[in-house]
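This report refers to the structure that appears directly beneath it.
There are 2 protein chains.
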Amino acid sequence: MLDISNAELDVMQVIWQQAPCTAADVISRLQQHKDWHEKTVKTLLNRLVSKGALSYQKQGRAYLYSPCIAQQDYQQQASGNFIDRLFAGRVAPLVASFARKHDVSAADLAELKQLVADLEQEQQEDN
Amino acid sequence: MLDISNAELDVMQVIWQQAPCTAADVISRLQQHKDWHEKTVKTLLNRLVSKGALSYQKQGRAYLYSPCIAQQDYQQQASGNFIDRLFAGRVAPLVASFARKHDVSAADLAELKQLVADLEQEQQEDN
DNA sequence: CATTAAAGATTACACATGTAATTCAGTGGC
DNA sequence: GCCACTGAATTACATGTGTAATCTTTAATG
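Residue numbers (the numbering used here), protein chains in the order written: chain A, 1 to 127; chain B, 1001 to 1127.
Below, the structure written as structure tokens:
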């Protein structure tokens, strides 16, 4: 199972945001919020390629990187693992725990409500 | 911020389940689901004490370990971090992502629905 | 065409983590 | 009182991770 570290995840995020892109591209977009040396980002790009999280295509002197895994797929995998480990596979306690400490925005709440409704619908159909 | 690794978390789980308890206790309860050497568990206990996740009290020759952080508190912290990193701090997309791949049990769904209702209630009171 | 600058590849190094083995110290049994 | 056993403390060692620096190659420039 693809395991992406924290620092690596920051790199993946900008690539997911817009791909394909060059290393220079990633570096400049990352510098908006992180304070990383150019070499650091290159190392992370290399590691992500080794891990099979990124692929690239030569474009002249530089490389064009693309994700090998979709953001949604990774989010799904990671959420599953997280919820299994910390909440015995149940999602409701996670939401409860999160809400106890953090504010849930109105938009978030509305979306959640809709989701619950949809899931109920599905469940009825299954019967 | 208290950072507990995966292996360490398994140890914390059994201690949260029932504390205080001795190392022998933890070892035997862990052997139900993990295949770890006794020495491994002791190492993890030591690291958790160093990190300030566990404290102990001498009881004769052995130690009685207790958590320094409540399971709920840790869950809250970890959930917050996770959701911030993977879902930009929004909980609904996490639930959506999770539900797309895993089954949400009826109980879980009901709990979720209740939660949403409660949160809506709170939000109205805030106005 | 020789030189420099820039891209990627390789190497570095300290700390974390998984997984133990070895050492030390105290307690109970003979 | 000495020895063995058991629990804790220390040490071990490979791999992962954060954070770069150095080396190598190649393309552009004078």
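The beta carbon of each residue, even a glycine, is placed where N, CA and C say it ideally should be.
Next item on the list: Below 8 Å CB to CB, which residues in the same chain sit around B:Leu1002 once its five sequence neighbours on both sides are set aside?
Entry: Lys1051, Gly1052, Ala1053, Ile1069, Tyr1074 and Gln1077
Check: What residues from chain A crowd round B:His1102, counting only those whose CB sits closer than 7 Å?
Finding: Gly80
Item checked: Contacts of A:Val95 in chain B (Cβ-Cβ under 7 Å) -> Val1091, Val1095, Leu1112 and Leu1115
Next item on the list: Compute the beta-carbon to beta-carbon distance between A:Leu9 and B:Arg1085, rounded to the nearest angstrom, for a pair I have assumed lies under 8 Å.
Entry: 7 Å
Item checked: Residue closest to B:Ser1105, alpha-carbon to alpha-carbon, out of A:Asp126, A:Lys113, A:Val11 and A:Leu48 -> A:Asp126
Next item on the list: Enumerate in chain order the residues of its own chain whose CB-to-CB distance from B:Ile1015 is below 8 Å, with the five nearest sequence positions on each side excluded.
Entry: Cys1021, Val1026, Leu1054, Tyr1065, Ser1066 and Pro1067
Check: Under the three-state reduction of DSSP, which class applies to B:Lys1034: helix, strand or coil?
Finding: coil
Next item on the list: Please compile the residues from chain A whose C-beta is within a distance smaller than 9 Å of the C-beta of B:Ala1019.
Entry: Those within 9 Å of B:Ala1019 in chain A number zero; the least Cβ separation is about 18 Å.
Checklist line | Inter-residue spacing [alpha-carbon to alpha-carbon] between B:Trp1036 and A:Asp35 | finding: 40 Å
Next item on the list: Decide if B:Arg1061 is buried, meaning its Cβ has at least 16 other Cβ atoms within 10 Å, or exposed.
Entry: exposed
Next item on the list: Quick one: residues in its chain with C-beta nearer than 7 Å to the C-beta of B:Gln1071, no 5 flanking neighbours on either side, listed in chain order?
Entry: Trp1016
Notebook entry, point to check: Do you know offhand how far A:His102's Cα is from B:Gly1080's?
Noted result: 7 Å
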